[in-house]
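Here this note's numbering is used: the first residue of the sequence shown is 33, the next is one more, and so on. Below you'll find the structure, written out as structure tokens, and then a few comments.
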Amino acid sequence: MGAEASGSLTIRQRLDILIGTAWGFEYMHSFNIVHRDIKPAIILITADMQATIADFGLVKQEDGPGHLSVPWVMGTPGYMDPAYLLSQKATTATDVYSG
């Protein structure tokens, strides 16, 4: 039984989703934008198997060299970078940890 018949994804499809997601975050981070709520549920897959990043409700732009200071920590606890929890400073590395 093939991957499509069983409802699972092939290795190639999984790699394409991973690479597409990474490119999306690379593009967002090139503008110093930090998502702050990376988790599997925000990666949507189109009918043609393209990864799309969703849920930009907590997105912020870094306010200085390499960090975003916030008065409180926001995000989904199970996916949060421990350094962000301790320092309350989100960076693009915070998104990389969560991804």
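We treat Cβ as the ideally placed atom computed from N, Cα and C, and that holds for glycine.
- An exposed status is given to isoleucine 51, since fewer than 16 other beta-carbon atoms sit within 10 Å of its beta-carbon.
- When DSSP states are grouped into helix, strand and coil, leucine 76 belongs to the strand group.
- For alanine 83, the enclosing beta strand (DSSP E) begins and ends at 83-85.
- The beta-bridge partner set that DSSP reports for lysine 92 consists of Val66.
- Less than 7 angstroms divides the Cβ of isoleucine 49 from the Cβ of alanine 83.
- Taking C-beta atoms under 8 angstroms as the contact rule, histidine 67 and leucine 90 qualify, at a distance of about 7 angstroms.
- Straight through space, the alpha carbons of phenylalanine 88 and isoleucine 74 are spaced by roughly 9 angstroms.
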